[in-house]
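Residue numbers (our numbering): 135 to 330. For glycine and all other residues, C-beta sits at the position ideal for the given N, C-alpha and C. Please read the structure below before turning to the comments.
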């Protein structure tokens, strides 16, 4: 995991990266939602699912009046679920960004020796190349779901134009956020003392 700087420019860059990772995650989820129905209809996933056979009889319960205790328990459970949902929605972007950053950084560090043909590099050049490779991997992760969405067969219940429109906008958002984050993170502080 990379070390986070606390300058205002770096904080803006990290915030943009968080939005980029969330947008990229939404884009991959959209590609999955759009791509899953054709796979299910074609039977491609039948090998991964087991048919469920139930020999037990179906029980039919009779309706009964609700007591105030049951209503209170249901209300308490509902409030707990709402609080849990709010907690998850607050924590989710940070968790998505942390996981995405870890995956991208690990991949960039693993690809770096291949790119440099296993030559030794100075630390500064290695950092710069790792950052650039991470940026290219982010762009690949943002553009690949759009390409997948374009290649998917159309779904009967959803027009293909809408599917491509949403995938395109999510790809634009991801690309803009990742590019802006890269520009902010590569910004050098020019004020202060200079060595002569």
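Local Cβ density within 10 Å of residue 150, reported as buried at 16 or more and exposed below that: It is buried - the Cβ of residue 150 has at least 16 other Cβ atoms within 10 Å.
Given that a residue counts as buried once 16 or more other Cβ atoms are within 10 Å of its Cβ, and exposed if not, what is residue 320? Exposed.
Quick one, are the C-beta atoms of residue 109 and residue 273 less than 8 Å apart? Only positions 135 to 330 of the chain appear in this structure, which leaves residue 109 out of reach.
Between the C-alpha atoms of residue 254 and residue 219, what's the straight-line distance to the nearest angstrom? Their backbone Cα atoms lie some 49 Å apart in a straight line.
Go through its chain and collect everything with a Cβ distance to residue 160's Cβ below 8 Å, but skip five positions before and after it. Residues of the same chain with a CB within less than 8 Å of the CB of residue 160, apart from the 5 flanking positions on each side, are 304 in chain order.
Curious, which full-length beta strand (DSSP E) runs of at least 3 residues does the region 178 to 258 contain? Counting only runs of 3 or more, we get nothing.
Measuring CB atoms only, is the region 260 to 279 touching the region 230 to 250, in the sense that at least three cross pairs come out at less than 8 Å? Yes, they touch.
Spatial neighbours of residue 271 in its chain, beta-carbon cut-off 7 Å, leaving aside the 5 residues before and after: Closer than 7 Å at the Cβ level, and outside the excluded window around residue 271, lie 238, 241 and 242.
Within its chain, find whatever has a CB closer than 7 Å to the CB of residue 224; leave out the 5 residues flanking it on each side and keep chain order. Once the five neighbours on either side are set aside, residue 224 has no close Cβ partner at all.
Consult DSSP for residue 263 and reduce its assignment to one of helix, strand or coil. Three-state result, residue 263: helix.
Return the residue from the list 317, 309, 307 and 289 that minimises the CA-CA distance to residue 166. Cα-wise, what sits closest to residue 166 is 289.
Identify which residue in 287, 299, 300 and 302 has its Cα closest to the Cα of residue 169. Nearest C-alpha to residue 169: 287.
From 260, 155 and 250, residue whose alpha carbon lies closest to that of residue 370: Residue 370 is absent from the structure shown; the chain starts at 135 and stops at 330.
Which residues does DSSP pair with residue 289 in a beta bridge? Paired residues: 292.
Taking the continuous alpha helix (DSSP H) assigned at residue 320, which residues delimit it? It is not in any alpha helix (DSSP H) - residue 320 carries neither H nor E in the DSSP assignment.
Is the beta carbon of residue 227 sitting closer than 8 Å to the one on residue 152? Their beta carbons are under 8 Å apart, which means residue 227 touches residue 152 by this criterion.
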